[in-house]
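Q:
There are 2 protein chains.
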Amino acid sequence: MSERVNTCAIAGMSDVWDCYRGELDAVEDQIRQNLDSKVALVNTVCAHILNSGGKRIRPLLLILSARAAGYTGRDDVLLAGLIEYIHTATLLHDDVVDHADLRRGRKTAGGLWGNQVAILVGDYLYCQAICRIVGFRSQDVNECLSEACRKMAEGELMQLSYRDDAAISEREYLKIVEHKTGALIAAACRMGAVVADADPALRGAAFRFGQAIGVAFQVADDTLDYAAPRESLGKSLGKDLGEGQVTLPLLHLRTHCTDRERARLAEVMEQKPNINGELAWVVSLMERYGSIDYAMTAARGFVQAAKAHLDPFEDSVHKRALHVVADYMVSRDH
Amino acid sequence: MSERVNTCAIAGMSDVWDCYRGELDAVEDQIRQNLDSKVALVNTVCAHILNSGGKRIRPLLLILSARAAGYTGRDDVLLAGLIEYIHTATLLHDDVVDHADLRRGRKTAGGLWGNQVAILVGDYLYCQAICRIVGFRSQDVNECLSEACRKMAEGELMQLSYRDDAAISEREYLKIVEHKTGALIAAACRMGAVVADADPALRGAAFRFGQAIGVAFQVADDTLDYAAPRESLGKSLGKDLGEGQVTLPLLHLRTHCTDRERARLAEVMEQKPNINGELAWVVSLMERYGSIDYAMTAARGFVQAAKAHLDPFEDSVHKRALHVVADYMVSRDH
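Read top to bottom, the protein sequences are chains A and B.
In the working numbering, each residue carries its 1-based index in the first sequence increased by 49.
In the working numbering, each residue carries its 1-based index in the second sequence increased by 49.
#1: List, in order along the chain, the chain B residues whose C-beta lies closer than 7 Å to that of A:C176?
#2: Is the Cβ of B:N191 closer than 8 Å to any Cβ of chain A?
#3: Pick helix, strand or coil for A:K87, following the three-state DSSP scheme.
#4: What is the rounded straight-line gap between the Cα of A:V385 and the Cα of B:V126?
#5: Could you work out which residue in A:G122, A:D364, A:N100, A:R313 is closest to A:T137 when comparing CA atoms only?
#6: For B:V243, which option in B:E192, B:T296, B:K104 has the closest C-alpha, if you only look at C-alpha atoms?
#7: Does DSSP classify A:R337 as helix, strand or coil?
#8: Mind checking if B:S218 is an interface residue toward chain A, Cβ cutoff 8 Å exclusive?
#9: Would you tell me roughly how many angstroms separate the C-alpha atoms of B:V183 and A:A236, rounded to the nearest one?
#10: Check for me: the alpha helix (DSSP H) holding B:Q320 runs from which residue to which?
#11: Assess contact between the stretch 90-110 of chain A and the stretch 225-241 of chain B, defined as three or more Cβ pairs (one per stretch) separated by less than 8 Å. Is contact present?
#12: Report the neighbours of A:H142 on chain B: residues whose CB is nearer than 8 Å to its CB, in chain order.
#13: Here's the rule I'm using: 16 or more other beta-carbon atoms within 10 Å means buried, otherwise exposed. How should B:K284 be labelled?
#14: If you measure between the beta carbons of B:M240 and B:I132, is that distance less than 8 Å?
#15: Can you give the beta carbon distance from B:A178 to B:V145, rounded, assuming they're within the 8 Å contact cut?
#16: Between which two residues does the alpha helix (DSSP H) harbouring B:A75 extend?
#17: Would you report the Cα separation of A:D376 and B:Q82, rounded to the nearest angstrom?
#18: Are the CB atoms of B:A115 and B:A197 within a distance shorter than 8 Å?
#19: In the DSSP assignment, the alpha helix (DSSP H) including A:G130 goes from what residue to what residue?
#20: Inspect the beta-carbon positions of A:L300 and A:Y222 and report whether they are closer than 8 Å.
#21: Would you mind reading off the limits of the alpha helix (DSSP H) that contains B:V190?
#22: Determine, using beta carbons only, whether B:V379 and B:G61 come nearer to each other than 8 Å.
#23: Give me, in chain order, the residues of the same chain whose beta-carbon lies closer than 8 Å to that of A:D172; leave out the 5 immediate sequence neighbours on both sides.
#24: Secondary structure at B:R309, three-state DSSP: helix, strand or coil?
#25: Identify the residues that DSSP records as bridge partners of A:K229: which are they?
#26: Shorter than 8 Å from the beta carbon of B:I179 to some beta carbon of chain A?
#27: Thinking C-alpha only, which one of B:K200, B:G291, B:V352, B:R186 is nearest B:Q320?
#28: Spell out whether any CB of chain A is found under 8 Å from the CB atom of B:E205.
#29: So which residues of chain B does A:L209 contact, with C-beta pairs closer than 8 Å?
#30: Between A:K368 and A:L113, what straight-line distance do the alpha-carbon atoms span, to the nearest angstrom?
#31: Assign A:S86 to buried or exposed, taking buried as 16 or more other Cβ atoms, counted over all protein chains shown, within 10 Å of its Cβ.
#32: Starting from A:T121, trace the alpha helix (DSSP H) both ways and give me its first and last residue.
#33: Output yes or no for whether 8 Å exceeds the beta carbon distance between B:V384 and B:F351.
#34: Just checking my contact of B:L251 with B:P361 at CB under 8 Å: how many whole Å lie between their CB atoms?
#35: Distance check for B:A254 and B:H358, CA to CA, integer angstroms please.
Laid out in structure tokens, this is it:
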């Protein structure tokens, strides 16, 4: 597999998927093999959620980070499957917290088996991952993963605390994003450097790269919630506005619009509207004041910062792939 | 503190609480000190649930197990606070799963702040505990705790799978109980032996002791759900019957009653009755067939088995205290 990767020319994301297909297939095998509970319900529900179309971006990043740091063994694939378990556990709980019925067009576990099952299977997946990870006997892996999990939970709670809070600042918004999304991606990248037995400086660089692309991804995702083509404005858009979630484009808009518009905006948020008319008005306002451009520029700034963090890594096809993935994080393609 | 403990005469549970008051107060300090999140909501909710009248039986067992294995340091107190975090995290999720509004007469976190907060604070407490525990750098502690957490999640899911299942056997019931309640108490006892640097045989003995008293506790608790004095039959009783939960006294009754009674019993369970009349009929049937005695005898049998597991421990006031706690696990006093 390694040889195949080294001869790959990586121009875009589809090349990355192609070049690392072998590794990613091995991750899928791992994900299936670790579903070994004696309780049938556990395996059924886990299989449903683990096969619901996730892109495996965290496993991919862990593997790329390990390879970029010179690793040629198989532990990265094992850890990659487990980081996807952790990610999936958080999705299960997030869907219950957000009362979501659908994820990527499929019914959520909560919708199919009830929230009880979704909560407990989330707990199970998380614990199963920790059990396996502890088996690696790496203090660095244990610390960076448990810290990431704590930060994710804290990030979700920060977000709940600020819901409907008009006073949230850009700095606080970015802190939430860093916690809820940056932490696990940072941990994935650091874990890659750890299995490669990279020096502390390289481990730190991998962590900061992951954190920055994680933030970039979330900022872009929050922005695209307002920025899809007009004609498709509707159900899948404006989710944050409807939930009273204040994200970067809205923060920008509120700072730059007129007092009258700000007052109307507050009313719209108060009503938690799902109405296309009001959402369209907010989007047109954002376009007028450049809020969407502002937020997407910020996201791209995090991507650039992330790439700079990779400087201590020697040039390689794997490092090139990490650059490509960094750009992909703020694209509309996922 | 140690000196005070060694001069204590331990006749009953109140002596245990008195003799280890210093250690237990130190655990409370630990519990408070670890609530250091920068998110105010996290600390508020954690403080509420951690101060809601739990007996700290797991922390006590961890400390007693450490002392019985000859430990005189302070790590047991630190770990004891963390095992209570894990226990509290499971309570938060259980209350959401069971749609509970009250716990020990106080409103649940879900009732006060919503299920979203209860789920996420449960996640946070669990992760915070794992973060701190990883800091102890003990592979044995990491393994036994992560394994216990996995088993608890699995136990809760087994229980959900079997809900309303008439075919559950006594063996399957005991497997659920061992997972959902025995696992963490076993881990607490083993962790005590680990901090004491006890040999593998003693660690195993502590684990089996904890597992057996955990099972004893749950069987007794399930039985007392049917066995409280007649006049108080009502809301706080018959919870399991109302939820379609098949526990040991009901399993016994179903095996021993007449076909007609069994058919009526199935109807009663089908309707998920909260009606005093039907519950009273079930309880009177259990009394007639000796189902409550049978289940309580089984619980006491687990206590005896637990005590036998302690044989490898040298005699001490701490070992005496472990015997007293074992008896306490099947009493009506908690």
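Each residue gets a CB set at the ideal place from its N, CA and C atoms; glycine is no exception.
Being a predicted model, the structure only gives us computed values, none of them experimental.
A: On the basis of the data shown:
#1: Numbered from 1 along the first sequence, position 127 holds the residue referred to as residue 176 of chain A. Residues of chain B passing the Cβ test: S195, C198, R199, A202.
#2: As a first step, residue 191 of chain B must be located in the second sequence, where it is residue number 142. Output row for B:N191: interface = yes.
#3: Residue numbering aside, residue 87 of chain A sits at position 38 when the first sequence is read from its first letter. Coil, per DSSP.
#4: Residue 385 of chain A falls outside the range modelled here, since chain A spans only 50 to 383, and no answer is possible.
#5: In the first sequence, residue 137 of chain A corresponds to position 88, counting from 1. Checking every option, the nearest Cα to that of A:T137 belongs to A:N100.
#6: Stepping through the second sequence from its first residue, residue 243 of chain B is reached at position 194. Minimum Cα distance to B:V243 is reached at B:E192.
#7: One-based indexing of the first sequence puts residue 337 of chain A at position 288. Three-state DSSP puts A:R337 in a helix.
#8: If you number the second sequence from 1, residue 218 of chain B lands on position 169. Judged by the 8 Å Cβ criterion, B:S218 is not in contact with chain A.
#9: Residue numbering aside, residue 183 of chain B sits at position 134 when the second sequence is read from its first letter. Residue numbering aside, residue 236 of chain A sits at position 187 when the first sequence is read from its first letter. Answer to the nearest angstrom: the Cα atoms are 15 Å apart.
#10: By one-based count along the second sequence, residue 320 of chain B stands at place 271. Unbroken run through B:Q320: none, as it is neither H nor E.
#11: no
#12: For the purposes of this step, residue 142 of chain A is taken as the residue at position 93 of the first sequence. By Cβ distance, chain B contributes I168, L169, D172.
#13: Position 235 of the second sequence, counted from the first residue, corresponds to residue 284 of chain B. Because the pLDDT of B:K284 is 45, which lies under 50, any placement of that residue in the model is unreliable, and the number read from its coordinates should be weighed accordingly. Exposed: under 16 other Cβ atoms inside 10 Å.
#14: The count along the second sequence starts at 1 and reaches residue 240 of chain B at position 191. The count along the second sequence starts at 1 and reaches residue 132 of chain B at position 83. In contact: B:M240 and B:I132 (Cβ atoms closer than 8 Å).
#15: Translated into positions along the second sequence, residue 178 of chain B becomes position 129. Translated into positions along the second sequence, residue 145 of chain B becomes position 96. Not confirmed; about 19 Å, so no contact.
#16: As a first step, residue 75 of chain B must be located in the second sequence, where it is residue number 26. First-last of the alpha helix (DSSP H) with B:A75: 70-82.
#17: Numbered from its first residue, the first sequence carries residue 376 of chain A at position 327. Numbered from its first residue, the second sequence carries residue 82 of chain B at position 33. The straight-line gap from Cα to Cα measures roughly 42 Å.
#18: Taking the second sequence and counting its residues from 1, the one referred to as residue 197 of chain B is at position 148. Taking the second sequence and counting its residues from 1, the one referred to as residue 115 of chain B is at position 66. No, they are not a contact pair.
#19: Against the first sequence, residue 130 of chain A aligns to sequence position 81. First-last of the alpha helix (DSSP H) with A:G130: 124-146.
#20: The count along the first sequence starts at 1 and reaches residue 300 of chain A at position 251. The count along the first sequence starts at 1 and reaches residue 222 of chain A at position 173. Yes. Within cutoff.
#21: Position 141 of the second sequence, counted from the first residue, corresponds to residue 190 of chain B. Where B:V190 is concerned, the enclosing alpha helix (DSSP H) stretches over 188-211.
#22: By one-based count along the second sequence, residue 379 of chain B stands at place 330. By one-based count along the second sequence, residue 61 of chain B stands at place 12. Not a contact, by the Cβ cut-off of 8 Å.
#23: Position 123 of the first sequence holds residue 172 of chain A. Closer than 8 Å at the Cβ level, and outside the excluded window around A:D172, lie A138.
#24: Numbered from 1 along the second sequence, position 260 holds the residue referred to as residue 309 of chain B. DSSP places B:R309 in helix when its eight states are reduced to three.
#25: Residue 229 of chain A sits at position 180 when you count from the first residue of the first sequence. In DSSP, A:K229 forms no bridge with anything.
#26: Taking the second sequence and counting its residues from 1, one reaches residue 179 of chain B at position 130. Interface residue, yes.
#27: Here the question's residue 320 of chain B lines up with position 271 in the second sequence. Of B:K200, B:G291, B:V352, B:R186, the residue nearest in Cα terms is B:G291.
#28: Counting from one through the second sequence, the residue named residue 205 of chain B turns up at place 156. Taking Cβ atoms only, chain A reaches closer than 8 Å to B:E205, which makes this a yes.
#29: If you number the first sequence from 1, residue 209 of chain A lands on position 160. Going along chain B in sequence order, the residues near A:L209 (Cβ under 8 Å) are L90, Q165, V166, L169.
#30: Start at 1 with the first residue of the first sequence, and residue 368 of chain A comes out as number 319. Start at 1 with the first residue of the first sequence, and residue 113 of chain A comes out as number 64. Those two C-alpha atoms are separated by around 7 Å.
#31: Translated into the one-based positions of the first sequence, residue 86 of chain A becomes position 37. Buried.
#32: As a working note, residue 121 of chain A is residue 72 in the first sequence. First-last for A:T121: undefined, no H or E at that position.
#33: What the structure shows of chain B is the stretch from 50 to 383, and residue 384 of chain B is not part of that stretch, so it cannot be assessed.
#34: Taking the first residue of the second sequence as 1, we reach residue 251 of chain B at position 202. Taking the first residue of the second sequence as 1, we reach residue 361 of chain B at position 312. Going by Cβ atoms, the distance from B:L251 to B:P361 rounds to 6 Å, so yes, they are a contact pair.
#35: Indexing the second sequence from 1 puts residue 358 of chain B at position 309. Indexing the second sequence from 1 puts residue 254 of chain B at position 205. Rounded to the nearest angstrom, the two C-alpha atoms are 5 Å apart.
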